[in-house]
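Heads up: the sequence shown begins at 315 in the numbering used here, then just goes up one per residue.
For glycine and all other residues, C-beta sits at the position ideal for the given N, C-alpha and C.
Have a look at the structure below before the remarks.
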Amino acid sequence: MPALCVTQITGWGIVYYAFPVLLSRITADTGWSAGTVTAAFSAALLVSAAAGIPVGRVLDRRGPRAVMTGGSVLAVLALLTVAAAPGPVVFLAGWTAAGVAMAATFYHPAFAAVTRWWGPDRVRALTVVTLAGGLASTVFAPLTAALAEHLSWRATYAVLAAVLAVVTVPTHALALRAPWPPAPAPAPAAAPDPGGRPGAKTPRTARSRPFLLLAAALTLSGFAMYAVVIGLVPLMTERGADTTTAAWALGLGGAGQTLGRTLYATLARRTGPTARTALLMAAGGVTTAALALVPGPVAVLVLLAVMAGVVRGNLTLLQATAVSDRWGTADYGRLSALLTAPATVAAALAPWAGAALAGGPLGGYDGLFVALAACSAAAVLLALASGRRTPPGGAPPTGGPRAVSGH
Numbered sequence: 315m316p317a318l319c320v321t322q323i324t325g326w327g328i329v330y331y332a333f334p335v336l337l338s339r340i341t342a343d344t345g346w347s348a349g350t351v352t353a354a355f356s357a358a359l360l361v362s363a364a365a366g367i368p369v370g371r372v373l374d375r376r377g378p379r380a381v382m383t384g385g386s387v388l389a390v391l392a393l394l395t396v397a398a399a400p401g402p403v404v405f406l407a408g409w410t411a412a413g414v415a416m417a418a419t420f421y422h423p424a425f426a427a428v429t430r431w432w433g434p435d436r437v438r439a440l441t442v443v444t445l446a447g448g449l450a451s452t453v454f455a456p457l458t459a460a461l462a463e464h465l466s467w468r469a470t471y472a473v474l475a476a477v478l479a480v481v482t483v484p485t486h487a488l489a490l491r492a493p494w495p496p497a498p499a500p501a502p503a504a505a506p507d508p509g510g511r512p513g514a515k516t517p518r519t520a521r522s523r524p525f526l527l528l529a530a531a532l533t534l535s536g537f538a539m540y541a542v543v544i545g546l547v548p549l550m551t552e553r554g555a556d557t558t559t560a561a562w563a564l565g566l567g568g569a570g571q572t573l574g575r576t577l578y579a580t581l582a583r584r585t586g587p588t589a590r591t592a593l594l595m596a597a598g599g600v601t602t603a604a605l606a607l608v609p610g611p612v613a614v615l616v617l618l619a620v621m622a623g624v625v626r627g628n629l630t631l632l633q634a635t636a637v638s639d640r641w642g643t644a645d646y647g648r649l650s651a652l653l654t655a656p657a658t659v660a661a662a663l664a665p666w667a668g669a670a671l672a673g674g675p676l677g678g679y680d681g682l683f684v685a686l687a688a689c690s691a692a693a694v695l696l697a698l699a700s701g702r703r704t705p706p707g708g709a710p711p712t713g714g715p716r717a718v719s720g721h
């Protein structure tokens, strides 16, 4: 588990969180439009969504070592390509490769590994990994800003790629060697159920109404959450903050994620999956609306960024446990990939769509954040609609926190 903690901090911090800090420097240096640059980053996240499903199948069968080690090597090569890109086409190619690396190294494979290895104790283990991962922006957003003060954006990415290579490649190769446990057998009595009870066959579960509504709720919530992350720096600079201060706000939001994740186990014990999902999505909408409507001062905006991070940290764990809480751990890798693929697509579109909407019909990042709060409100309604009580005789999943609907 310590190895995954270190690699999640480093991978997310360098491959994901460095981008919003360097965005304005990339556009200023190259002359490429913000839409062009963010579209390349969005393409990486789209590729990550598509690659996540086959990666999930491999994880279920063989475990995380080869997947995460190979993904780490690819991430280093992809960032070096981005740093050296002479034009938008090569820049896009670099980010496309980075998308495959994200699918193989970010939370999804780490969650699959933790869920299988730690079994009934998975919530505690997932909490520890995501507590560490929440520090990614706290560490690397300010570090990236500091490097960019003295280096070009290209040199900054090259330095970060070197750090990524030194930390993640050997760690994944050497630390993920534990035997891969066999998948838990589905409960035979639940296998015919088309509604998604534990043990249901993957195709039946993935087509069930609760699964589809939950996927839709996570998609809207994910779009709002990731658009807020990418839009926070420009929102604050629009209101007079310098880039370094805005980067610190983004980083402190990561510290808020870590704080929020310490609260998730308690929340999971006291609420069912549906109530927990709706509550956290509603909280995300409230913090987003506050960022839209509170003009300042900067210290207040930083505090709101931290509060948004607290909610974001809980939403990450909510997504990590969504499948196991409702349908058990059999086929976790594939079911989780299917559930979160639309949300990953939405997250992929968020940087480009956010920049386009803020620069066009919504008239700035204030208007964008109001629209994102509305997305979160719609997600709450879908989450409530996805819940249903387990029929009499239906066995809830074992080994996880209260697997009830929450109504």
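When the beta-carbon positions are compared, I328 and L449 stay at least 7 Å from each other.
Burial state of A398 is exposed, judged by a 10 Å Cβ sphere holding fewer than 16 other Cβ atoms. The region 457-469 and the region 367-378 do not touch, with fewer than 3 CB-CB distances between them shorter than 8 Å. Assignment of Y331 by DSSP, reduced to helix, strand and coil, places it in the coil class. Contact between A634 and F420 does not hold, since the beta-carbon distance rounds to 12 Å and is not under 8 Å. A541 is positioned such that its CB atom lies closer than 7 Å to that of A664.
By a beta-carbon distance limit of 8 Å, A619 contacts L564. Their separation comes to about 7 Å. Scanning the region 408-440 from its first residue to its last, the whole alpha helix (DSSP H) runs of 4-plus residues come out as 421-432. Around the beta carbon of D639, 16 or more other beta carbons lie within 10 angstroms, which makes this residue buried. For T321, the enclosing alpha helix (DSSP H) has its first and last residue at P316 to G325. Sequence-distant partners of A479 (beyond 5 residues in either direction) whose C-beta falls short of 6 Å from its own C-beta, in its chain, are V390. The beta carbon of A353 is closer than 7 Å to those of W666 in its chain, skipping five residues each way along the sequence. Straight across, the Cα-Cα distance linking A651 with T630 is about 14 Å. Taken in chain order, the complete alpha helix (DSSP H) segments of 4 residues or longer contained in the region 455-493 are 467-489. If you draw a 10 Å sphere on the C-beta of T580, you find fewer than 16 other C-beta atoms in it, and that means exposed. G536 is a Cβ neighbour of A660, given a cutoff of 7 Å. Ranked by Cα distance from V453, the options A669, A487, A561 and Y578 are led by A561.
If you draw a straight line from the Cα of P609 to the Cα of P587, it comes to about 35 Å.
Sixteen is the threshold: since fewer than 16 other Cβ atoms of the shown chains lie within 10 Å of the Cβ of P400, the residue is exposed. Cβ atoms of G599 and A687 come within 8 Å of each other, at about 5 Å.
According to the DSSP assignment, R590 belongs to the alpha helix (DSSP H) that extends over P587 to L607. The three-state secondary structure of A555, taken from DSSP, is coil.
The continuous stretches of alpha helix (DSSP H) do not include T576, and DSSP gives it neither H nor E.
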